[in-house]
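Notes to accompany the following structure.
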Amino acid sequence: MSRAVTADEMDVEAGGKNYLNAEKGIVSWLTTVDHKRIGLMYLVSTLTMFMIAGIFALILRFELLRSGQDVLTPGQYNQAFTLHGAMMVFLFIIPAIPGGLGNFVLPIMIGAKDVAFPKLNLLSLYLYWTGAIFTASSIVSTGLDTGWTFYVPYSTTVSQTSVIAVTFGAFILGFSSILTGLNFIVTIHKLRAPGVTWYRLPLMLWAIYATSIVQILATPVLAITLLLLILERAFHVGIFDPKLGGDPVLYQHFFWFYSHPAVYIMILPGMGIISDLIAVHSHRRIFGYKAIAFSSVAIALVGFMVWGHHMFTSGQSELSSTIFSFITFFVAVPSGVKVFNWTGTMWGGSVAWNTPMFYAMSFLFLFTIGGLTGLPLAMIGLDLHLHDTYFVVAHFHYVMMGGAVIAFIGGLHHWWPKMTGRMYNETTAKIACGLIFVGFNMTFFTQFFLGARGMPRRYHTYLDQYQPLHAFSTYGSWVLGAGLFLVLFTFIHSLFKGERAPANPWGGRSLEWQTPSPPPTENFHKTPVVTHGPYDFATTGK
Numbered sequence: 000m001s002r003a004v005t006a007d008e009m010d011v012e013a014g015g016k017n018y019l020n021a022e023k024g025i026v027s028w029l030t031t032v033d034h035k036r037i038g039l040m041y042l043v044s045t046l047t048m049f050m051i052a053g054i055f056a057l058i059l060r061f062e063l064l065r066s067g068q069d070v071l072t073p074g075q076y077n078q079a080f081t082l083h084g085a086m087m088v089f090l091f092i093i094p095a096i097p098g099g100l101g102n103f104v105l106p107i108m109i110g111a112k113d114v115a116f117p118k119l120n121l122l123s124l125y126l127y128w129t130g131a132i133f134t135a136s137s138i139v140s141t142g143l144d145t146g147w148t149f150y151v152p153y154s155t156t157v158s159q160t161s162v163i164a165v166t167f168g169a170f171i172l173g174f175s176s177i178l179t180g181l182n183f184i185v186t187i188h189k190l191r192a193p194g195v196t197w198y199r200l201p202l203m204l205w206a207i208y209a210t211s212i213v214q215i216l217a218t219p220v221l222a223i224t225l226l227l228l229i230l231e232r233a234f235h236v237g238i239f240d241p242k243l244g245g246d247p248v249l250y251q252h253f254f255w256f257y258s259h260p261a262v263y264i265m266i267l268p269g270m271g272i273i274s275d276l277i278a279v280h281s282h283r284r285i286f287g288y289k290a291i292a293f294s295s296v297a298i299a300l301v302g303f304m305v306w307g308h309h310m311f312t313s314g315q316s317e318l319s320s321t322i323f324s325f326i327t328f329f330v331a332v333p334s335g336v337k338v339f340n341w342t343g344t345m346w347g348g349s350v351a352w353n354t355p356m357f358y359a360m361s362f363l364f365l366f367t368i369g370g371l372t373g374l375p376l377a378m379i380g381l382d383l384h385l386h387d388t389y390f391v392v393a394h395f396h397y398v399m400m401g402g403a404v405i406a407f408i409g410g411l412h413h414w415w416p417k418m419t420g421r422m423y424n425e426t427t428a429k430i431a432c433g434l435i436f437v438g439f440n441m442t443f444f445t446q447f448f449l450g451a452r453g454m455p456r457r458y459h460t461y462l463d464q465y466q467p468l469h470a471f472s473t474y475g476s477w478v479l480g481a482g483l484f485l486v487l488f489t490f491i492h493s494l495f496k497g498e499r500a501p502a503n504p505w506g507g508r509s510l511e512w513q514t515p516s517p518p519p520t521e522n523f524h525k526t527p528v529v530t531h532g533p534y535d536f537a538t539t540g541k
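Under numbering that gives the first Met the number 0, the first residue of the sequence shown carries the number 0, and numbering increases by one thereafter.
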């Protein structure tokens with residue numbers, strides 16, 4: 000790649016100062032503007048939220064092991080699934096890849112020393128922490144029982160839980176998301192090293208760029224919607240309450256105008272990760288680079304036009320439902336382009352079956368199921384029957400966890416040696432991946448059958464006829480939980496017992512693999528000059 004950063008220099012510097020040991024003490028971390036340290040703190044924070052939300056999920060599944068066993072009261076059950084959903088969406092899936100992995104790798108991938116606005120980057124982290132405190136505070140107070148969507152008029156007039164605290168927390172989290180997106184767009188535009196043209200950007204960065212557009216344009220709509228909800232609940236101003244002349248369907252339009260694009264805030268960065276994993280671990284130039292890059296932008300833009308498919312049963316006109324249905328089918332096209340090109344990349348490649356590649360394969364299988372099961376929900380006639388059933392729960396989790404979370408875990412394994420300077424045990428990591436894959440399918444594929452047979456979601460108990468499927472789903476959640484616990488064990492073991500990582504353990508060609516592991520504070524000792532693309536493996540003879 001660049002003659003400014005050579006393998007010899009990396010070997011000399013690998014044991015020297017790096018971003019982890021350049022400064023010591025908790026204050027140095029809390030006041031840092033180093034994008035790598037901020038990314039690491041995002042990772043620790045979001046993974047903590049993931050663990051708490053995951054515990055809620057296991058409690059929910061245990062409650063549903065048998066009908067009527069009443070481990071939780073109906074009210075506690077409502078609070079558990081609400082906090083599970085709200086914490087997973089707002090505190091983990093949305094910020095984890097952009098804030099965590101994106102913060103760490105984006106500047107290095109373009110040869111920059113940091114993001115465009117380092118202090119703004121730190122502010123976004125503090126806003127995230129503030130929003131997380133408001134949201135998590137409900138756990139030790141009155142909880143939240145509205146569902147993660149905060150639907151009115153229940154959230155504004157009936158619920159006696161911490162609606163204002165949690166919605167205000169989500170309001171603050173929105174500003175963190177906006178600032179992160181703004182920072183990333185400016186960084187990609189202005190701080191690329193010599194030779195890093197738009198078509199030499201890693202596809203991970205195309206995905207983050209498209210995600211940032213959605214964050215900037217859609218998140219303000221959520222912010223003003225949540226602010227209106229707070230005003231409605233506190234002062235009864237009558238915007239959404241039909242008793243006061245308001246319209247609850249208006250709230251749904253506002254909420255889903257953000258929350259469906261938010262699906263792409265969650266999944267697009269994961270798609271970017273998968274592009275990098277498949278290319279690097281197949282040791283082959285990416286098939287259809289421009290098609291994958293522009294499909295990310297297309298998904299981001301078309302994603303703004305499909306929010307109404309959440310509202311086929313809410314009273315909108317037949318014409319608008321038909322339009323939303325058609326556009327929903329159309330948005331599947333760029334996703335299909337990606338899957339086709341990922342498959343084409345592996346074809347004829349020299350695939351190395353490392354742990355990140357196992358997660359990439361899991362993603363392809365699970366996300367494809369998630370995408371295909373979205374098609375029935377885009378059909379108005381079928382959606383009327385499947386709406387608010389476990390079919391929707393299964394579809395959502397196949398896209399969000401089978402897609403975004405699996406990609407995140409795969410990306411974490413991929414860049415872990417770069418972030419920590421340590422390798423992990425491949426055998427343990429692959430076993431964990433297998434447990435996650437099997438446990439996930441046991442848990443959620445079963446729920447397609449539950450939904451097709453009429454089992455509504457969010458129910459504290461159920462008819463006896465659903466018991467075998469619910470029990471199987473619960474057993475699967477235990478396998479899934481064991482796999483995730485093994486991932487945590489693998490990483491902790493790596494920190495203390497792992498072998499030292501070389502600068503380029505996977506044979507990658509993009510800039511982050513041209514720095515020591517872990518990188519120095521300034522990322523590069525000399526400004527890199529890029530002379531070829533991030534996936535030009537043909538030049539290495541592979």
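Ideal Cβ placement from N, Cα and C applies to all residues, glycine included. Remember, it's a predicted structure, so these values are computed and weren't measured experimentally.
Residue i versus residue j: straight-line alpha-carbon distance, rounded
{"i": "G480", "j": "L487", "result": "11 Å"}
{"i": "V4", "j": "H531", "result": "Here the model assigns V4 a pLDDT of 38, short of 50, so the residue's position is not dependable and the matter cannot be decided."}
{"i": "T473", "j": "E62", "result": "9 Å"}
{"i": "T526", "j": "G110", "result": "7 Å"}
{"i": "T520", "j": "D535", "result": "27 Å"}
{"i": "A52", "j": "L82", "result": "7 Å"}
{"i": "K23", "j": "A209", "result": "36 Å"}
{"i": "D324", "j": "H308", "result": "According to the sequence provided, residue 324 is Ser. The question's Asp does not apply to it. In a straight line, the C-alpha of S324 is about 6 Å away from that of H308."}
{"i": "S176", "j": "T344", "result": "32 Å"}
{"i": "I264", "j": "S211", "result": "8 Å"}
{"i": "T166", "j": "A431", "result": "35 Å"}
{"i": "V350", "j": "P152", "result": "54 Å"}
{"i": "L29", "j": "M40", "result": "9 Å"}
{"i": "W512", "j": "R65", "result": "51 Å"}
{"i": "W306", "j": "W255", "result": "5 Å"}
{"i": "A470", "j": "M203", "result": "39 Å"}
{"i": "V104", "j": "I408", "result": "15 Å"}
{"i": "I37", "j": "M360", "result": "30 Å"}
{"i": "T342", "j": "M48", "result": "33 Å"}
Closest by C-alpha distance to residue i, when choosing among the options
{"i": "Y76", "options": "D387, G142, A111", "result": "G142"}
{"i": "A393", "options": "S349, M345, F447", "result": "F447"}
{"i": "I229", "options": "A169, I37, V139", "result": "A169"}
{"i": "S27", "options": "L121, M422, L434, D387", "result": "L121"}
{"i": "G287", "options": "F253, P201, N353", "result": "P201"}
{"i": "V529", "options": "R199, G507, G506, V391", "result": "R199"}
{"i": "P241", "options": "G101, I132, T155", "result": "T155"}
{"i": "R283", "options": "K189, G15, N340, P247", "result": "N340"}
{"i": "P193", "options": "M108, S313, P501, G99", "result": "M108"}
{"i": "F311", "options": "L383, F329, G347, V262", "result": "L383"}
{"i": "L468", "options": "M454, V478, W477", "result": "M454"}
{"i": "A299", "options": "G450, E317, F91, L216", "result": "L216"}
{"i": "F55", "options": "W477, A502, L449", "result": "W477"}
{"i": "L90", "options": "R508, R421, L46, H188", "result": "L46"}
{"i": "V32", "options": "T321, S281, Y18", "result": "Y18"}
Anticipated Cβ contact below 8 Å, residue i with residue j, distance rounded
{"i": "R232", "j": "I163", "result": "6 Å"}
{"i": "T145", "j": "S136", "result": "The pair is not a contact, with the Cβ atoms about 16 Å apart (cut-off 8 Å)."}
{"i": "P375", "j": "P504", "result": "Not really, about 42 Å apart at Cβ, beyond 8 Å."}
{"i": "G402", "j": "I266", "result": "5 Å"}
{"i": "G475", "j": "T442", "result": "4 Å"}
Boundaries of the alpha helix (DSSP H) in which residue i is found, first to last residue
{"i": "T445", "result": "425-451"}
{"i": "H259", "result": "247-281"}
{"i": "L221", "result": "202-234"}
{"i": "F488", "result": "466-496"}
{"i": "V65", "result": "Looking at the sequence itself, residue 65 is Arg, so the reference to Val does not match. Where R65 is concerned, there is no enclosing alpha helix (DSSP H), given that its DSSP letter is neither H nor E."}
{"i": "L124", "result": "117-136"}
{"i": "Q75", "result": "73-85"}
{"i": "K417", "result": "405-419"}
{"i": "A299", "result": "288-301"}
{"i": "D382", "result": "379-385"}
{"i": "M345", "result": "317-345"}
{"i": "N182", "result": "162-189"}
Assigned exposure category for residue i - 16 Cβ within 10 Å defines buried
{"i": "H34", "result": "buried"}
{"i": "K337", "result": "buried"}
{"i": "L462", "result": "exposed"}
{"i": "V114", "result": "buried"}
{"i": "D387", "result": "exposed"}
{"i": "Q251", "result": "buried"}
{"i": "N20", "result": "exposed"}
{"i": "R60", "result": "buried"}
{"i": "F239", "result": "buried"}
{"i": "L385", "result": "buried"}
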